[in-house]
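Encoded as structure tokens, the structure appears first; notes follow it.
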Amino acid sequence: MEFVQGLPYLLILFTAPKLCFGNYDVSVQLNDDVLGLIVFKSGLMDPSSSLSSWNEDDDSPCSWKFIQCNPVTGRVSGVSLDGLGLSGKLGKGLQKLQHLKILSLSQNNFSGTISPELGLNFNTDLERLNLSHNSLSGLVPSSLVNGGSIKFLDLSENYLSGALPNDFFQNCTSLRSLSLAGNVLQGSLPSMASCSSLNSLNLSNNQLSGNPELSSGIWLLKRLRTLDLSYNSFSGSVPYGVSVIHNLKDLRLQSNKFSGTVPVDIGFCPHLIMLNLSDNLFSGSLPESMQKLSSLSYFSLSNNMLTGNFPQWISRLQNLEFLDLSSNELTGSLPPSIGNLNSLKYVSLSDNKLTGDIPPTIVHCTMLSVIRMGGNSFNSSIPEGLFELGLEDVDFSNNKLAGSIPPGSSKFFASIRTLDLSRNNLSGHVSEAMGLSSSLRYLNLSSNNLKSRMQPELGYFQNLTVVDLRNSALFGSIPADICQSRSLRILQLDGNSFTGPIPEEIGNCSSLTFLSLSHNNLSGFIPESISKLHKLQILNLEFNKLSGEIPQELGELENLLAVNISYNMLTGRLPVGGIFPSLDRSALQGNLGLCSPLLEGPCKMNVPKPLVLDPHAYGDQMHGHRPRDESSYSKRLHHQRFFSISAITAISAALLIFFGVMVIALLNLSARRRSTSVESALESKCSSSSKSGNLTSGKLVLFDSKSSLDCVNNPESLLKKAAEIGQGVFGTVYKVPLGSQGRVVAIKKLITSNIIQYLEDFDREVRVLGKARHPNLVSLNGYYWTPQLQLLVSEYVPNGSLQTKLHERPPSSPSLTWTNRFKIILGTAKGLAHLHHSIHPPIIHYNIKPCNILLDKNCNPKISDFGLARLLIRLDRHVMSNRFQSALGYVAPELACQSLRVNEKCDIYGFGILILELVTGRRPIEYGEDNVMILNDHVKVLLEQGNIWDCIDPNMEEYPEDEVLPVLKLALVCTSQIPSSRPSMAEVEQILQVIKTPAPERMDFY
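Just so you know, the sequence shown maps onto residues -22 to -1, 1 to 984 in mature numbering (1 follows the signal peptide of the UniProt record, and there is no 0).
Spelled out as structure tokens, the structure:
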């Protein structure tokens, strides 16, 4: 342990007897506070030097950071060291602070036990003690409460264990708030009878047991407003008389072993807002008094043994937002008045015994986002208009619903994430417009009577991961574009009437882990493209009409765990690798042509026929003659075979050369004609343009229909050096006024080397990029082209780049706030998600970094330079080398591979580094005198050490920790060295939306 300079001398003073009798001299008293704090500091590790202002030579600590003093006496009254990354033990120095009222050391890494002397040595002034979110262990000393003056005590989220002392609450008359949540406390509660002023009690997430009423009299604490005993092992009944706690607002008893009936007087707690009794053993019916809980917004009694009819009075709870009565034995029907719950956002009634209709009035609950009613016996249709709400999670599975699936609205398609209508009697199909959904992840329509074709739009769902359409009376062929979005992980189409072949495009399902197509009428070969599904674990193809050999490449699927190909018409050998040599008979039987020692019957090998059959090979034998000279016959036979093969080879080669020349000639002629037609079309829009043969004059083509087309005879005049605003790997950017209207655009002069040289190809690729329109993308508005000069015309963004705002701002310019930083992170994610998921094929940026993120006047980000790799003839080593040098630290590891076989995951890596740079204010790689700091490794180490707050940009003075920490963790996931471990940009966008959602909306709704 390190000691501060001069500490031995201070320790002598600390332990010396008083120098004066009677009252202390003021300077001695002030020095006591200095000595106590310096001794306390000496036992700590302070990695960020947060306590550097604590100087032993000062006469008073009142000017020190994190210290508050009484302005009258000058004595230390408050020490607040929350979230500073401090570690060590709670030393004795604090005991010297005899006038301390507030001690808060939360969210650090203090360890060891809490000494009983910590409470005994404080005088009656201490009112608040917060040691939460540390690593303290051992028993809880009773002296902390029995000091007499303590009002707020928080020891939550530590490793405190054992039973609470019997005298823990012996003298707790001043105690207002107590939290011991998130520890390992055991045993029963001691008596709390003297805690008459207690307002808030949180003992959740421990191992406490017994009946709290019998042991502690907890239900007699009349001033309680918040009581949380959740996630313990409390048992017994909650007694009648709970209404004594008349001011109770928040009651959480979930995940215990409480039994008996719900207290009949619970409704006489008129201020209740939160009531969670889920995951217990409550039985009987709900008491009628509950209809008086007019302030209740959260109501959960799920996973109990409640019986009786569903409460018809539920509509009287006008403020109800969350209702969960799932997994009980409730009977009866839902009242039409349930539609009066105008604030309802979440309702779960699954796994009961409810019958009758789903009331059509439910559509009046316009705030509804989650509705779960699976596992009942509802026998109506889905209410008309329900799928026009902004629902996120719908579960009507395992009922008796009939009728068609509602068509839905654009609002529904924009919000829906989970849709489970399985095990009903529904007909029809999912609306084609469902393909517009950007959020749907789980779709289950299995065990219905759809009697329709499978909609190809399913393949375009951007984030769909599970599709279950088993036993749904579907027919026709499996759409070829079923995996257009490439996010699908589970595809189950068993038990339908699909015909035709398995589409070769199934190999595009790169995320697929479970593929089941059994019990259909599929025919043709098993596609070799299935061997591209490297994540595939289960493959079920049994009971179809598949034929031919099993592709040997399937044996290379290392993750494949189970295969069933029984009862088809397959022939030939099994693949020699992977799971196939260990398949049992049940997975192979019913294929009479398969070659396996496990199967009986004939084995059919598809052996290729010889190229040439000698006409005399069997002739003589057929006529019963033998050749007179077998030697001469053998020579003649050999000569004939050799001649036949040689002749055919020569003829085939000549034909191939001839057809090759013809095809190339035709292609060149077609290319010239198409190029001429494009040039003619462009020239018709610009009458003053010279012919294509004149290389000094080109065409300025603008995609914006509201803009006029101008012809430029001297393109170099546009690119005055004074207007240059940036340079990059692909060229130089200029700010240019265009035309007589004073319109300002940004023009990038492309580096001619390696750029597409044909006008038609250039026009096609630029127009693809021009269609990528999104609020977080820089709009590409046109181009200028000649063989010697190519320019791109794009939107001009006036507020500069993120690089300037983050790293090159002048000292007088304010730093980016957390609000703006998060806006930049979320907006960039939205822009990249649009490039990756809304455009087919996806556009990969390859070069995500701050200088390519431009900011408008409201600090909204716009991604520039996206897709420029499409304009290259090839991604050669020179281009990639330049990119590595210009984007050091942002380049994904897989881009270093010479094969350059990459996908959208390389953008996600760069985005993760961008997040780290925004949160920390540091560059991805920084060079010191003796070392090199790699940002993502640096942040990862601090997170593992519990010192994550040390890496936050010090220029960002205020930030919400509940947003910053998950954002940093998301960044580390995005920068995983393994591309498949990184999330998609759609997933990243959703995670960021959840992080930004205010805590009250997030709390328990999902």
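Idealized CB from N, CA, C, for every residue including glycine. Computed from a prediction, not measured in an experiment: that's the story for all the values here.
Pull up the DSSP beta-bridge partners for residue i, would you.
{"i": "Leu849", "result": "Answer is none; Leu849 lacks a bridge partner."}
{"i": "Asn180", "result": "Ser157 and Asp206"}
{"i": "His904", "result": "Note on residue identity: the sequence assigns Glu, not His, to residue 904. In the DSSP output, where bridge partners are listed per residue, Glu904 has Met911."}
{"i": "Glu773", "result": "Val723"}
Helix, strand or coil, according to DSSP, for residue i in the structure here?
{"i": "Ile292", "result": "helix"}
{"i": "Ala949", "result": "helix"}
{"i": "Lys835", "result": "coil"}
{"i": "Thr710", "result": "strand"}
{"i": "Ala540", "result": "strand"}
{"i": "Met170", "result": "coil"}
{"i": "Asn144", "result": "coil"}
{"i": "Phe246", "result": "helix"}
{"i": "Val4", "result": "Residue confidence is low: Val4 scores 41 on pLDDT, short of 50, so the model does not pin down where it sits. Its coordinate-derived value is still stated next. Reduced to three states, the DSSP call for Val4 is helix."}
{"i": "Val723", "result": "strand"}
{"i": "Ile456", "result": "coil"}
{"i": "Tyr276", "result": "strand"}
{"i": "Phe503", "result": "coil"}
{"i": "Asp607", "result": "Any answer about Asp607 is weak, because its pLDDT of 39 lies below 50 and its placement is not dependable; what the coordinates show is given next. In the structure shown, Asp607 sits in coil (DSSP, three-state: anything other than H, G, I, E or B)."}
{"i": "Thr339", "result": "helix"}
{"i": "Glu967", "result": "helix"}
{"i": "Glu527", "result": "strand"}
How far does the beta strand (DSSP E) with residue i in it extend, from its first residue to its last?
{"i": "Met911", "result": "Val910 to Ile912"}
{"i": "Trp197", "result": "Counting along the chain, Trp197 falls outside any beta strand (DSSP E), and DSSP gives it neither H nor E."}
{"i": "Asp36", "result": "Segment: none, Asp36 is in no beta strand (DSSP E) and carries neither H nor E."}
{"i": "Met547", "result": "Met547 to Arg551"}
{"i": "Thr396", "result": "Thr396 to Asp398"}
{"i": "residue 1004", "result": "Absent from the structure is residue 1004, since the part of the chain shown begins at -22 and ends at 984."}
{"i": "Val516", "result": "Checking the sequence shown, residue 516 turns out to be Ile, not Val. First-last of the beta strand (DSSP E) with Ile516: Ile516 to Asn518."}
{"i": "Thr764", "result": "Leu758 to Thr764"}
{"i": "Thr782", "result": "Here Thr782 belongs to no beta strand (DSSP E); instead the alpha helix (DSSP H) covers Leu780 to His785."}
{"i": "Phe88", "result": "Asn87 to Thr91"}
Could you check where the alpha helix (DSSP H) with residue i kicks off and where it finishes?
{"i": "Phe476", "result": "Unbroken run through Phe476 is the beta strand (DSSP E), Ser475 to Gly478; no alpha helix (DSSP H)."}
{"i": "Asn746", "result": "With the sequence shown as reference, residue 746 is identified as Val, and Asn is not the correct amino acid for it. That run of the alpha helix (DSSP H) goes Leu737 to Gly748."}
{"i": "Gly809", "result": "Trp796 to His815"}
{"i": "Gly888", "result": "Lys883 to Thr898"}
{"i": "Ser388", "result": "Ser388 to Ser393"}
In its own chain, which residues sit with a C-beta less than 7 Å from the C-beta of residue i, not counting the 5 before and 5 after it?
{"i": "Ser359", "result": "Leu379, Ala380 and Gly381"}
{"i": "Lys523", "result": "Asn499, Leu500, Ser501, Asn546 and Met547"}
{"i": "Gln151", "result": "Residue 151 is actually Thr in this sequence, not Gln. Excluding sequence neighbours, Thr151 sits near Ser172, Ser174 and Ser175."}
{"i": "Leu226", "result": "Leu202, Arg203, Leu205, Cys247, His249 and Leu250"}
Rounded to the nearest angstrom, how far is the Cβ of residue i from that of residue j, given a contact under 8 Å?
{"i": "Leu186", "j": "Leu205", "result": "Rounded, the Cβ-Cβ distance is 13 Å, inconsistent with contact."}
{"i": "Leu322", "j": "Leu301", "result": "7 Å"}
{"i": "residue 1028", "j": "Leu896", "result": "What is shown of the chain runs -22 to 984, which leaves residue 1028 out entirely."}
{"i": "Leu428", "j": "Ser405", "result": "6 Å"}
{"i": "Leu72", "j": "Gly14", "result": "6 Å"}
{"i": "Val756", "j": "Ile841", "result": "7 Å"}
{"i": "Leu114", "j": "Ser89", "result": "7 Å"}
{"i": "Asn403", "j": "Asn426", "result": "7 Å"}
{"i": "Glu534", "j": "Ser509", "result": "6 Å"}
{"i": "Leu921", "j": "Ile891", "result": "No, Leu921 and Ile891 are not in contact; Cβ-Cβ is about 16 Å, not under 8 Å."}
{"i": "Leu255", "j": "Ser273", "result": "Actually they are not in contact, since the Cβ atoms of Leu255 and Ser273 sit about 17 Å apart, beyond 8 Å."}
{"i": "Arg848", "j": "Leu747", "result": "7 Å"}
What residues in its chain sit with their C-beta under 8 Å from that of residue i, if we drop five residues either side in the sequence?
{"i": "Leu332", "result": "Phe288, Leu308, Thr309, Gly310, Ser311, Leu312, Met351, Asn354, Ser355 and Phe356"}
{"i": "Val945", "result": "Phe800, Ile803, Ile893, Val897, Leu970 and Ile973"}
{"i": "Asp60", "result": "Ser82, Leu83, Ser84, Gln85, Asn86 and Asn108"}
{"i": "Ser424", "result": "Ser400, Arg401, Asp446, Leu447, Arg448, Asn449, Ser450 and Gln470"}
{"i": "Gly195", "result": "Ser169, Met170 and Ala171"}
{"i": "Gln863", "result": "Low confidence applies to Gln863: its pLDDT is 42, below 50, so where it sits in the model is not reliable enough to give any reading."}
Grab me the residues of residue i's own chain with a C-beta within less than 6 Å of its C-beta, minus the 5 sequence neighbours each way, in chain order.
{"i": "Glu936", "result": "none"}
{"i": "Ser468", "result": "Checking the displayed sequence, the identity of residue 468 turns out to be Ile instead of Ser. Cβ neighbours of Ile468 beyond the five flanking positions: Val444 and Phe492."}
{"i": "Ser387", "result": "Glu366"}
{"i": "Pro706", "result": "The question names Pro, but residue 706 is Gly in the sequence shown. Cβ neighbours of Gly706 beyond the five flanking positions: none."}
{"i": "Gly334", "result": "Ser311"}
At a cut-off of 7 Å, would you count residue i as near the ligand GDP, judging by its Cβ distance to the nearest heavy atom?
{"i": "Leu192", "result": "Judged by which ligands are present, the structure shown has none, so any question about the ligand GDP falls away."}
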